[in-house]
Amino acid sequence: MSTKRILIISYSFSSQIRNLLNGLVDGLEKSGVEVFWEQLNPVVELRFPIGTINATLIMMMQTFLRKRYPVHPVNQRCFAQWDFIILAGPTWSYNPSGPVLSLLDRDGKALFAGKTVLPFISCRGYWRVHYYGLKGLLKRCGAIVAAPIVFSHPTPEPWRTIGVFLKLAGKVPEAGSSWFRRFYPKYGHSRLQVEDCRKIGFELGKNIMEGNPLDRPLFPFPVRSEGMDES
Ligand SMILES: Cc1cc2nc3c(=O)[nH]c(=O)nc-3n(C[C@H](O)[C@H](O)[C@H](O)COP(=O)(O)O)c2cc1C
């Protein structure tokens, strides 16, 4: 079996995608595929946390309107021939994140036309509009869209919505001895989910190596980690 080459292009604002992809890349490489990982770099640096409630509300409104966040040029290697591409990023106000939208505007056709692209999504809990929107944009670039991999934060509602908002606004809701901490012990994904990502990476890599069709989901989406309440 000849080695398959996989390109991952990602954007991560608060390190959640990056943590998951560390696991995924590990699993992929163990399956025998070759991986090149390109991380998008916004031209104007975006700092996490946003810092204030007002600035968070403004960013949410702007991203709801699909504001673009221009990114630096990607490595020339991204435009080479790849057997499979993973495009990874967070959900921002029901949409793909601004840096990913900006990349699609500028390089979408050159990068993705004729390639099989798998959307990889990290979100607090609501990913559907993001996924269907991104699928449409990728198809317009000429991509063949594989079934997505979606991870949502494992903390139950309403705590994760409140927790994510507070975290973005610069508070630390999971710290100290506040009553809120009992319901919201951690921002973002769990260690178990990163572990799951490693297994998913291995399984995905094996299927790519074997040349299996990937238009049907190999994994349920969102991915359900054992013992966790995820919707
Ligand atoms: C401006 C903004 C808007 C967001 N909107 C949503 C949303 O509509 N739905 C959702 O489930 N998560 C939303 N989130 C949460 C992120 O998708 C989630 O925290 C994700 O895990 C972040 O991944 P990252 O750290 O790799 O950027 C939003 C985050 C930001 C910064």
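For the sequence shown, the residue numbers in the working numbering are 15 to 245.
Glycine included, each C-beta is placed from N, C-alpha and C at the ideal position.
The structure displayed is predicted, hence computed values, not measured ones.
*asked:* If we define contact as Cβ-Cβ less than 9 Å, is Asp229 a contact residue for chain D?
replied: Here there is only one protein chain, and chain D is not present.
*Do the CB positions of Cys211 and Leu38 come within less than 9 Å of each other?*
A contact, by the Cβ cut-off of 9 Å.
_Here's a check: name, in chain order, each residue in its chain whose Cβ is nearer than 8 Å to the Cβ of Val178, leaving out the five neighbours to either side._
Counting only Cβ-Cβ distances below 8 Å, and skipping sequence neighbours, we find Arg138, His167, Tyr201.
_8 Å contact criterion, which Ser26 and Arg32 should meet: CB distance rounded_ = In this structure Ser26 is in contact with Arg32, their Cβ atoms being roughly 4 Å apart against a cut-off of 8 Å.
*Pick helix, strand or coil for Gln95, following the three-state DSSP scheme.*
Here Gln95 sits in coil by DSSP.
*Which residues in the same chain have their Cβ closer than 7 Å to the Cβ of Phe93, if we skip the five residues on either side of it in sequence?*
Closer than 7 Å at the Cβ level, and outside the excluded window around Phe93, lie Ala124, Leu125.
*asked:* So, under 8 Å CB-CB, Pro110 and His144 are touching, yes? Tell me the CB distance rounded to an integer number of Å.
replied: So it is a contact: roughly 6 Å between Cβ atoms.
*Relative to the C-alpha of Pro133, which residue among Thr105, Lys220, Arg120 is closest?*
Closest by alpha carbon: Thr105.
_According to DSSP, Ser166 sits in a beta bridge with which residue or residues?_
DSSP output for Ser166 lists Cys137 as bridge partner(s).
*Contacts around Arg91, its chain only, beta-carbon distance under 7 Å, and the 5 residues preceding and following it disregarded*: Within the same chain, Arg91 has close Cβ partners Phe50.
*Since I believe Phe62 is in contact with Ser28 (beta carbons under 8 Å), could you give me their beta-carbon distance rounded to a whole number of angstroms?*
The beta carbons of Ser28 and Phe62 sit about 5 Å from each other, so the pair counts as a contact at 8 Å.
_For ligand 1, I want to know if Ile64 counts as a neighbour, meaning its beta carbon is within less than 8 Å of at least one of the ligand's heavy atoms._
Set against 8 Å, the gap from the CB of Ile64 to the closest heavy atom of ligand 1 is smaller.
_Same chain only: Cβ atoms within 7 Å of Lys153, ignoring 5 sequence neighbours per side_ = The residues are Val159.
*Does at least one heavy atom of ligand 1 sit under 8 Å from the Cβ of Met74?*
Met74 Cβ: within cutoff of ligand 1.
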